Amino acid sequence: MGLKAILFDLDDTLLWDDRSVAEAFTATCETAAMQYPQLQAVELELSVRKEARSIYESFDTFPFTKIIGINPFEALWGNFTEGDNENFRKLHALAPGYRTAAWTQGLQALGVDDAGLGQELAELFPKERRARPIVYEQTFPLLNALKGNYKLLLLTNGSPDLQKEKLAGVPELAAYFDHIIISGQFGEGKPAIAIFQHAMQLLNIEPSEGLMIGDKLTTDILGSNRVGMRNVWINHHAAVRSNEIAPTYEISDISQLLPIIQAL
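Numbering-wise (numbering that gives the first Met the number 0), the sequence shown opens with residue 0 and increments by one.
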């Protein structure tokens, strides 16, 4: 059967989330370095990332966040105000203290014991991240070429309020899609078979009529493989993969995607 629908991941597929987070870290860490000249912004970022991951994985919400697909650095700026699962209420309550602890302990690991600065940075980072809704240069030319010719569906892992906020930061993006599925609303995230089956039901397609586009082998590619759907892995960083999870196609950025779609 011919191609009828294209499913897109959001973060680091259409939105350049890695860059948004990296720039927010840089701006926040440079603020700290202005107060403590012995601090290096790069070292502080690495330290905070390490502490944040350790604290995040210690919470009893961690297994749930793995199922939904919410990473430690999203919790450094997300509020978790939506979602039916009780774990979202727990995350909402944990988030302020988590952010402060991550920054305070990140500073302490570098010899700076300043709880006040930790609190300041914990409040600054979310502002810096929200100020950076960045899309790839090729995102809108690609979507313009596809809209009207294929059904388009956005399939994203994450907290409902945070993913909606990311979309609101680029307000013209959501209108391109016939359907938007957020794992935190559905109850499971990629690579669960159920969320891909739900997407196909909404699109009224068979697996052979869809194409999944995403940057993560372990979610986008593995999940679409499980339901027998073709896929395209965007390998931004020239990562070397094993044959354990094999994409149908591999590209380095979405500017290479249109010829593949046109050939199907």
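Don't be surprised by glycine CBs; every beta carbon is placed ideally from N, CA and C.
Predicted model, so just to flag it, every value in this text is computed and none were measured.
Rounded C-beta distance between residue i and residue j? I'm assuming under 8 Å.
i	j	result
Gln104	Glu42	Actually they are not in contact, since the Cβ atoms of Gln104 and Glu42 sit about 14 Å apart, beyond 8 Å.
Gln226	Leu210	The sequence given here places Val at residue 226; Gln does not occur at that position. That pair is no contact at about 12 Å.
Ile180	Leu216	No, Ile180 and Leu216 are not in contact; Cβ-Cβ is about 20 Å, not under 8 Å.
Ala108	Ser46	5 Å
Leu14	Val169	7 Å
Leu141	Leu6	Contact flag wrong, Cβ pair sits at about 14 Å.
Asp214	Thr12	5 Å
Leu106	Gly96	Not quite, the Cβ-Cβ distance comes to about 16 Å (not below 8 Å), so this is no contact.
Asn224	Ile194	Between Ile194 and Asn224 the Cβ distance is about 14 Å, and since that is not below 8 Å, they are no contact.
Using the C-alpha atoms, what's the distance from residue j back to residue i?
i	j	result
Thr25	Ser207	43 Å
Ile192	Gly222	6 Å
Phe72	Ile259	33 Å
Ile220	Ile66	16 Å
Asn78	Ala262	43 Å
Tyr149	Ala74	34 Å
Ile133	Pro125	15 Å
Leu172	Leu166	7 Å
Asp160	Ser53	24 Å
Arg98	Ala121	5 Å
Glu119	Arg131	19 Å
His235	Arg18	12 Å
Arg128	Glu22	8 Å
Ala333	Gly1	There is no way to answer for residue 333, as the model of the chain reaches only from 0 to 263.
Gln35	Leu123	At residue 35 the sequence reads Tyr, which differs from the Gln that was named. If you take the alpha carbons of Tyr35 and Leu123, they lie about 16 Å apart.
Gly188	Thr64	9 Å
Asp252	Ile233	6 Å
Gly183	Asp113	35 Å
Gln137	Gly186	31 Å
Ile69	Gln37	33 Å
Glu44	Phe61	22 Å
Val111	Tyr55	22 Å
Lys89	Cys28	28 Å
Ala144	Ser254	12 Å
Look up residue i in the DSSP assignment and say whether it is helix, strand or coil.
i	result
Arg229	strand
Asp8	coil
Ile192	helix
Leu2	coil
Ile253	helix
Leu221	helix
Thr155	strand
Ile179	strand
Ile244	coil
Gly209	strand
Leu38	coil
Leu14	strand
Lys215	coil
Label residue i either buried or exposed according to how many other C-beta atoms from any shown protein chain fall within 10 Å of its C-beta, with 16 as the threshold for buried.
i	result
Gln162	buried
Gly115	exposed
Asn156	buried
Pro246	buried
Asn86	buried
Ser158	buried
Pro190	buried
Met228	buried
Ala174	exposed
Ala238	exposed
Asp16	buried
Gly147	exposed
Under 7 Å: does the beta carbon of residue i sit that close to some heavy atom of the ligand ADP?
i	result
Thr27	Here there are no bound small molecules, and the ligand ADP is not part of this structure.
Practice problem: At 4 residues or longer, and completely inside the region 58-143: list those alpha helix (DSSP H) runs for me, N to C. | Solution: 61-67, 85-107, 114-129
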